[in-house]
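Peer 1:
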Amino acid sequence: MKKLLQNKIVRYTLLCFFIINVGCKEAVKKENIKVEEVSRVDYLPYYNDESFTPHWITPNSSEEKSFHTVKDFELINQLGDTITQNTFENKIYITDFFFTSCPGICPQMTDSMFKLQEEFKNDSGILFLSHSVTPTLDTVEELKKYATRFGVIDNKWHLVTGDKTEIYDLGRNQYFVENDLGVPKDINDFLHSENFLLIDKNKHIRGIYNGLNRASMSQLTIDIKALEKENS
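Counting in numbering that gives the first Met the number 0, the sequence shown runs from 0 upward without gaps.
(1) Tell me whether Leu169 is buried or exposed, calling it buried when 16 or more other Cβ atoms sit within 10 Å of its Cβ.
(2) Can you give me the C-alpha to C-alpha distance between Tyr167 and Glu177, rounded to a whole angstrom?
(3) By the DSSP assignment, the beta strand (DSSP E) with Ile223 in it spans what residues?
(4) Do you know whose CA, among Ile152, Lys144 and Thr109, lies nearest Asn125's CA?
(5) Closest to Leu136 by CA distance: which of Arg148, Val159 and Ser111 is it?
(6) Count the other C-beta atoms from every protein chain shown that fall within 10 angstroms of the C-beta of Arg148, then say buried if there are 16 or more, exposed otherwise.
(7) Counting only the same chain and skipping the five closest in sequence on each side, list residues whose C-beta sits under 6 Å from that of Tyr145.
(8) Helix, strand or coil for Phe113, going by three-state DSSP, please let me know.
(9) Please go through the same chain and pick out, in chain order, the residues whose beta-carbon is closer than 8 Å to the beta-carbon of Glu232, but skip the five residues on each side of it.
(10) Would the beta-carbon of Asn307 fall within 8 Å of that of Tyr208?
(11) Check this for me: beta carbons of Phe113 and Gly150, under 8 Å apart or not?
(12) Drop a sphere of 10 angstroms on the beta-carbon of Gln77, count the other beta-carbons inside from all chains shown, and report buried for 16 or more, exposed for fewer.
(13) Just mark Pro183 as buried or exposed, buried being the case when its beta carbon has 16 or more other beta carbons within 10 Å.
(14) Using the Cα positions of Arg42 and Phe189, report the straight-line distance between them to the nearest angstrom.
(15) Contact between the stretch 43-55 and the stretch 199-218: three or more CB pairs below 8 Å?
(16) Would you grab the beta carbon distance between Phe271 and Leu115 for me? Rounded to a whole angstrom, and I think it's under 8 Å.
(17) Grab the span of the beta strand (DSSP E) containing Thr94 for me, first residue to last.
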């Protein structure tokens, strides 16, 4: 009787082990299926207007070719050189708007951009572009002083001045850097924003970031590298 009871216990133990083992394998199998079935998007979104609603467009598709691109421009950098979209041909670039006499957020934004410059200073595929929003005051000489003060690498990071109407049109109607949705503004309304924009090789806007926020800047660094992989 004792032996029979022992045999039953052994059989019951083996059965439990079998059920648990098979159940675990089945759970792993189902989990694997779930992981494999999850579709992933391995590229950054595109942005078309000031609402910054993300559009998930396949790169190099016909839809991408008809999407918003930053128009051409002609500005002057801290070296006195003419800067156009040709300067950024086949380049990824990060852009913002500032002015050299700004006592508040501009130095912080410039510091954020400097850190990006240092991160990608040996990467010829990445450039930086900062527009002066007080171009009549920020002459080439003033931009050069500012560049020297903040460690700007010439021809890697362009600080630009030029026609105020063109710069303000770029900021508001091409890069959409301001957050005042639905509020009409003209050339007499001061343009200023802490936002950085990530522009791809085809002149599409691929990201907007707060230049004063450390987490946002970390995300920008990650997104720059992701965009490089997308274009490789």
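Beta carbons are placed, not taken as given, at the ideal position from N, Cα and C, and that holds for glycine.
Peer 2: Put simply:
(1) Buried, by the Cβ-count rule.
(2) 11 Å
(3) Taken as a continuous stretch (DSSP letters only), Ile223 belongs to no beta strand (DSSP E), being part of the alpha helix (DSSP H) at Arg213 to Asn230.
(4) Going by the sequence as given, residue 125 is Ile instead of Asn. Of the listed residues, the one whose Cα sits closest to Ile125 is Ile152.
(5) Val159
(6) exposed
(7) Thr99
(8) helix
(9) The structure shown does not extend to residue 232, since the chain spans only 0 to 231, so no value can be given for it.
(10) Summary: the structure shown does not reach residue 307, with the chain confined to residues 0 through 231, and so no result is reported for it.
(11) yes
(12) Gln77 is buried by the Cβ-count criterion.
(13) exposed
(14) Sequence check: residue 42 is Tyr here, not Arg. Near 35 Å, if we compare the C-alpha coordinates of Phe189 and Tyr42.
(15) yes
(16) For residue 271 there is no data in the structure shown, the boundaries of the chain being 0 and 231.
(17) Ile91 to Phe97
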